[in-house]
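**Student:** As given, the protein sequences belong to chains A and B, one line each in that order.
Using this note's numbering, the letters of the first sequence correspond one by one to residues 229 to 429.
Using this note's numbering, the letters of the second sequence correspond one by one to residues 229 to 429.
Number of protein chains: 2
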Amino acid sequence: MTHVVGSAMHEASAALLEADLELAQHVIESDARVDVLASGVEEKTFDIISSKHPEGPELRALLGAMRMASSLERMGDLAQHVAKQARMRHPRPAVPSELRDVFMQMGNLAEEIVRRTGEVIATRDLSLGGDIARHDAEMDRLHRQLFSTVLAPTWELGVEAAIDVTLLSRYYERYADHAVSITRRVVTIVTGEAYVGVTLD
Amino acid sequence: MTHVVGSAMHEASAALLEADLELAQHVIESDARVDVLASGVEEKTFDIISSKHPEGPELRALLGAMRMASSLERMGDLAQHVAKQARMRHPRPAVPSELRDVFMQMGNLAEEIVRRTGEVIATRDLSLGGDIARHDAEMDRLHRQLFSTVLAPTWELGVEAAIDVTLLSRYYERYADHAVSITRRVVTIVTGEAYVGVTLD
């Protein structure tokens with residue numbers, strides 16, 4: 229699932245920056261695959277619990293996996309939102325040339341963070357959490373920077389462009405938040421702590 | 229949890245419309261309560277599965293409940309986002325007077341939809357799903373209407389106000405989406421169908 233939603237965001241970012249309608253369409257249509265994968269995790273969790281009656285850390289890991297699948301499903305939705313924005317403005321680019329660079333950075337961060345998230349899930353190596361937190365902090369910084377740009381008196385591209393880039397930026401930022409939340413899940417599975425959700429924003 | 233996140237959204241809407249800083253602050257601080265409730269549901273699910281080894285519909289209901297708690301947690305976050313927006317613009321109102329009425333309608337719909345959601349959870353009466361879907365459709369309509377308003381050439385309140393109301397409107401719309409998703413969960417529990425998430429937007 230991290231590969232699928234990582235590649236969805238990779239393609240969505242390319243579709244956004246290149247105003248590539250076909251690619252945007254592909255991302256939008258492919259999202260159903262993520263939904264099916266998430267649903268499969270849930271069914272499998274149900275089957276394993278029914279048949280094997282796991283307890284303790286094994287049960288905690290199963291329940292955690294189900295929740296992670298749900299976060300990954302949301303990450304897929306967010307990639308789809310980016311692609312829809314690209315499609316909506318096509319043939320115009322949804323991102324003004326002045327902000328291409330910021331969105332390229334956000335796209336790269338999103339890919340990096342989801343790759344690391346996949347590693348954390350696969351290896352349970354909690355030391356990767358530091359990287360993920362740093363990427364997320366950098367994403368938040370770009371998100372805030374973008375707000376400052378569109379709210380500055382120098383912004384001359386109008387309301388529609390301002391809303392477009394604000395929403396897009398929020399999609400990337402939320403995508404990173406979900407990666408952080410997955411990492412926190414892995415922590416609870418490895419350490420046995422209870423998970424208390426916190427507002428990510 | 230539906231009562232708590234319903235009352236959070238009720239207060240957040242009032243704080244927003246009245247530019248009431250104290251009330252906004254109260255909503256923001258109270259969100260931790262929702263997080264603790266959600267975490268409690270998860271722990272309780274873990275304990276019940278560990279000790280009673282439920283199978284079939286009972287297990288499906290438990291796993292579904294855990295996922296519903298997670299949606300309710302997100303609804304609490306969204307109420308908090310509304311309150312934060314009110315706090316950020318205080319002492320100015322975050323919603324221009326021209327749009328007060330739309331946000332009042334959105335607030336009322338949010339309250340109505342979460343009340344119905346609580347009823348569905350308590351009674352498993354799937355016929356309430358029709359009301360919830362109607363409220364959600366109405367929320368979507370208001371959300372689209374708001375986009376048209378801020379993008380119209382007649383919009384004279386500038387970029388910041390446009391972004392503020394767009395984000396706020398998105399919070400209400402997402403809040404309703406989560407209520408729909410919870411309702412769909414109840415349907416899967418009652419009917420035994422598998423849940424396949426779909427993108428709500």
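Think of the CB as a built atom: it goes at the ideal place given N, C-alpha and C, for glycine as much as any other residue.
In this text the structure is predicted, and so the values were computed from the model without any measurement.
Is there a Cβ of chain A sitting closer than 8 Å to that of H281/B, yes or no?
**Tutor:** Yes, H281/B counts as interfacial toward chain A.
**Student:** Are the C-beta of T394/A and some C-beta of chain B separated by less than 8 Å?
**Tutor:** Yes, T394/A counts as interfacial toward chain B.
**Student:** Give me the Cα-Cα distance between Q308/A and M237/A, rounded to the nearest whole angstrom.
**Tutor:** Using only the alpha carbons, I get a separation of about 8 Å.
**Student:** Short of 8 Å in beta carbon distance, which residues of its chain neighbour Q373/B, apart from the five on each side in sequence? Order them along the chain.
**Tutor:** Answer for Q373/B: V330, listed in chain order.
**Student:** Touch check for the region 286 to 298 of chain A and the region 410 to 420 of chain A: three-plus C-beta pairs under 8 Å?
**Tutor:** Segments in contact, yes.
**Student:** Could you check whether the Cβ of V387/A sits closer than 8 Å to any Cβ belonging to chain B?
**Tutor:** Cβ-Cβ to chain B under 8 Å: yes for V387/A.
**Student:** Give me the Cα-Cα distance between I276/A and E270/A, rounded to the nearest whole angstrom.
**Tutor:** Rounded to the nearest angstrom, the two C-alpha atoms are 10 Å apart.
**Student:** State yes or no: is the C-beta of L396/B within less than 8 Å of the C-beta of A338/B?
**Tutor:** For L396/B and A338/B, no; Cβs fall outside 8 Å.
**Student:** Comparing the C-beta of M303/A with each C-beta of chain B, is any distance below 8 Å?
**Tutor:** Answer no: the Cβ-Cβ gap between M303/A and chain B never drops below 8 Å.
**Student:** Using a C-beta cutoff of 8 Å, does S258/A count as contacting chain B?
**Tutor:** Closer than 8 Å: no.
**Student:** Against chain A, with Cβ distances strictly below 8 Å, would A252/B count as a contact?
**Tutor:** Output row for A252/B: interface = no.
**Student:** Run through chain A and tell me which residues come within less than 8 Å of I410/B, C-beta to C-beta.
**Tutor:** Residues of chain A passing the Cβ test: none, with the nearest at roughly 13 Å.
**Student:** Can you pull the chain B residues whose beta carbon is under 7 Å from the beta carbon of F274/A, in chain order?
**Tutor:** The answer, in chain order, is L287, R288, L291.
**Student:** Residues of chain B with CB under 7 Å from I277/A, in chain order?
**Tutor:** Chain B residues near I277/A: I277, L287.
**Student:** Measuring alpha carbon to alpha carbon, tell me which of T411/A, H371/A, P381/A, D405/A ends up nearest R302/A.
**Tutor:** Measuring from the Cα of R302/A, the nearest candidate turns out to be D405/A.
**Student:** At a Cβ cut of 7 Å, what residues of the region 349 to 381 of chain B count as close to chain A, listed as they run along the chain?
**Tutor:** Answer set for the region 349 to 381 of chain B: V378, L379.
**Student:** Hey, could you find the ends of the alpha helix (DSSP H) S267/A is sitting in?
**Tutor:** 249 to 280 is the extent of the alpha helix (DSSP H) around S267/A.
**Student:** Just curious, the alpha helix (DSSP H) that L395/A is in, first and last residue?
**Tutor:** From DSSP, the alpha helix (DSSP H) with L395/A extends over 386 to 419.
**Student:** Please identify, using Cβ separations under 9 Å, the residues of the region 294 to 323 of chain A that lie next to chain B, in order along the chain.
**Tutor:** The residues in question are M294, R295, S298, E301, R302, G304, D305, Q308, H309, K312.
**Student:** Go ahead and pull the three-state DSSP assignment for H318/A.
**Tutor:** In the structure shown, H318/A sits in coil (DSSP, three-state: anything other than H, G, I, E or B).
**Student:** Would you check if the distance between the CB atom of V262/B and the CB atom of L300/B is smaller than 8 Å?
**Tutor:** Yes, they are a contact pair.
**Student:** Nearest chain A C-beta to T427/B closer than 8 Å, yes or no?
**Tutor:** Residue placement at T427/B is poorly supported in this model, since its pLDDT is 46, which falls under 50; the coordinates still yield a value, given next. Interface residue, yes.
**Student:** I'd like to know whether the C-beta of I417/A is nearer than 8 Å to at least one C-beta of chain B.
**Tutor:** Output row for I417/A: interface = no.
**Student:** Are the Cβ atoms of A314/A and A243/A separated by less than 8 Å?
**Tutor:** Yes, these two residues count as a Cβ contact at 8 Å.
**Student:** Here's a check: name, in chain order, each residue in its chain whose Cβ is nearer than 7 Å to the Cβ of V233/B, leaving out the five neighbours to either side.
**Tutor:** Around V233/B: V262, L300, M303, G304, A307, V342.
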